[in-house]
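Colleague: Once you've had a glance at the structure underneath, I'll fire off some questions.
Protein chains: 2
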Amino acid sequence: MRLSTKALYAVRAMVCLNLQKGGEPVSIREISARERISLTYLEQLFAKLRRSDLVRSVRGPGGGYVLARPAAEIALDAIIDSVEETLAPASCVEQKEPCCHGEQCVTHQVWLELGERIRDFLASISIEDLSRDALERRRGDLLNPETGELS
Amino acid sequence: MRLSTKALYAVRAMVCLNLQKGGEPVSIREISARERISLTYLEQLFAKLRRSDLVRSVRGPGGGYVLARPAAEIALDAIIDSVEETLAPASCVEQKEPCCHGEQCVTHQVWLELGERIRDFLASISIEDLSRDALERRRGDLLNPETGELS
DNA sequence: AACATTCCCGAGCAAAACTGTCAATTAAAG
DNA sequence: CTTTAATTGACAGTTTTGCTCGGGAATGTT
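One line per chain: the protein sequences are B and X, in this order.
Take 1255 as the starting number for the first sequence in our numbering and just add one per residue.
Take 1255 as the starting number for the second sequence in our numbering and just add one per residue.
Structural data, given as structure tokens:
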């Protein structure tokens, strides 16, 4: 019942984007260094985030990625959907495969509800929520006001 | 974010055990046939369920498995724990690995809470709950009162 | 125009996890 | 002592995951 690193990385990267001062583009290289995530792997994730209209890209020197919408309007479930991880706990919930043999399986309803709970929870949390938490945590900590990063 | 077939099968099998009339042992072979699950694979699952004291085994002819406790006292989270699927959505939640690099990661808290929601939900549902649903569904359907099974 | 920076795209690949199979053994009932 | 059924451990096929690699295209700088 683990989320893949895709989902984990994508959410962290999105927070990273939002914490950038002034809303200038952030390059994948920067995120890669800051979050210790493989550069080329991140490229793949951002390609998907872009296709889902969660980020916008800016090419050329000084370019990078920017959130496509206000952070408050980007919830975690959308990010996870974007990098193609399913939130359904069983394949029968998505009608990909028949549940069991013929009859609707006894447990079908449970997995359906579990999936709903998971999605509801993730949909209730936005990138802004996470960013706010991050900033609060930093207050009182050693904080480099230049980069907005822990030194 | 899928549950493994281990978890799915184990829950179905436990319901199967409970629906048996009179509480006589049910053989793995029977469950295998009824639920269309590989016999030898089921063996592995039941070995784990037994070690977790969720079922008791009865050897020899007429033997099989029985629930080790009343169905109302067996919740789904215990079953899934038993077959060794984690309910934590990220490895850092279980302290298996450090979250990110050094500092506690921004997203840590979210995955922690998500894990709690999932566990709470599954802990709130017992084998008895599922069995009751199954019986209600059968009522009005074609039902074989001998075996307690759909004909 | 040359160059550096950055996004963009597709193919490939090793390791791990998942989903089983197989063979041999032990225990109990009749 | 034969049959039924649990018990155990090793192993094998397939799929998914988590990347790497190699090249390209757009954009800004000098």
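Every residue gets a Cβ at the ideal spot worked out from N, C-alpha and C, and that includes glycine.
Here the structure is a predicted model, which is why all the values come from computation and not from measurement.
Between glycine 1356/B and isoleucine 1381/X, what straight-line distance do the alpha-carbon atoms span, to the nearest angstrom?
Modeller: Bear in mind that the predicted position of glycine 1356/B carries a pLDDT of just 49, short of 50, making it unreliable; the figure below should be weighed with that in mind. About 22 Å.
Colleague: Just the C-alpha distance for proline 1279/X and threonine 1294/B, rounded to the nearest angstrom, thanks.
Modeller: If I take the Cα positions, the gap works out to 55 Å.
Colleague: For a contact defined as C-beta to C-beta under 7 Å, what are the partners of valine 1265/X on chain B?
Modeller: Within 7 Å Cβ-Cβ: Thr1361.
Colleague: Identify, in the order they occur along the chain, each residue of the same chain with its Cβ nearer than 7 Å to the Cβ of lysine 1260/X, setting aside the five sequence neighbours on each side.
Modeller: So the list reads Leu1299, Val1337, Glu1339, once near-sequence residues are dropped.
Colleague: Output yes if chain X places a C-beta closer than 9 Å to the C-beta of aspartate 1307/B; else output no.
Modeller: Answer no: the Cβ-Cβ gap between aspartate 1307/B and chain X never drops below 9 Å.
Colleague: Give me the Cβ distance between isoleucine 1333/X and valine 1265/X, rounded to the nearest whole Å; I'm assuming they're in contact under 8 Å.
Modeller: That belief holds up - the Cβ atoms of isoleucine 1333/X and valine 1265/X are roughly 6 Å apart, short of 8 Å.
Colleague: Determine the direct distance from the alpha carbon of leucine 1330/X to that of isoleucine 1379/X, and round the result to whole angstroms.
Modeller: Distance between the alpha carbons of isoleucine 1379/X and leucine 1330/X: 6 Å.
Colleague: In chain B, what lies closer than 7 Å to alanine 1388/X by C-beta?
Modeller: Correct list: Val1360.
Colleague: Return the Cβ separation of arginine 1290/X and cysteine 1270/X in integer angstroms, given the expectation that the two are a contact with Cβ distance under 8 Å.
Modeller: So it is not a contact: roughly 12 Å between Cβ atoms.
Colleague: Along the chain, where does the beta strand (DSSP E) containing serine 1311/X start, and where does it finish?
Modeller: Where serine 1311/X is concerned, the enclosing beta strand (DSSP E) stretches over 1309-1312.
Colleague: Give me, in chain order, the residues of the same chain whose beta-carbon lies closer than 6 Å to that of alanine 1322/B; leave out the 5 immediate sequence neighbours on both sides.
Modeller: The residues are Asp1307, Leu1308, Val1309, Arg1310.
Colleague: Between serine 1281/X and chain B, is the shortest Cβ-Cβ distance under 9 Å, so that the two count as touching?
Modeller: Answer no: the Cβ-Cβ gap between serine 1281/X and chain B never drops below 9 Å.
Colleague: Can you say whether leucine 1262/B is buried or exposed, counting buried as having 16 or more other CB atoms within 10 angstroms of its CB?
Modeller: Buried is the call here.
Colleague: Would you mind listing the beta strand (DSSP E) stretches within the segment 1262-1350 of chain B that are 3+ residues and don't spill past its ends, in chain order?
Modeller: Correct list: 1309-1312, 1318-1321.
Colleague: If you run the structure through DSSP and keep just helix, strand and coil, what is glycine 1356/X?
Modeller: Model confidence at glycine 1356/X stands at a pLDDT of 49, short of 50, so the residue's coordinates are unreliable; what they give is reported in the following sentence. It is coil, neither helix nor strand.
Colleague: Bridge partners of serine 1380/B, per DSSP?
Modeller: The partner list for serine 1380/B (beta bridge, DSSP) reads Ala1329/B.
Colleague: Does any residue of chain B bring its CB to less than 9 Å from the CB of isoleucine 1227/X?
Modeller: With chain X covering 1255 to 1405 only, the question about residue 1227/X has no answer from this structure.
Colleague: Given a cut-off of 9 Å, decide if phenylalanine 1375/B and leucine 1366/X are closer than it, judged by their beta-carbon atoms.
Modeller: Taking 9 Å as the Cβ cut-off, leucine 1366/X and phenylalanine 1375/B do not qualify as a contacting pair.
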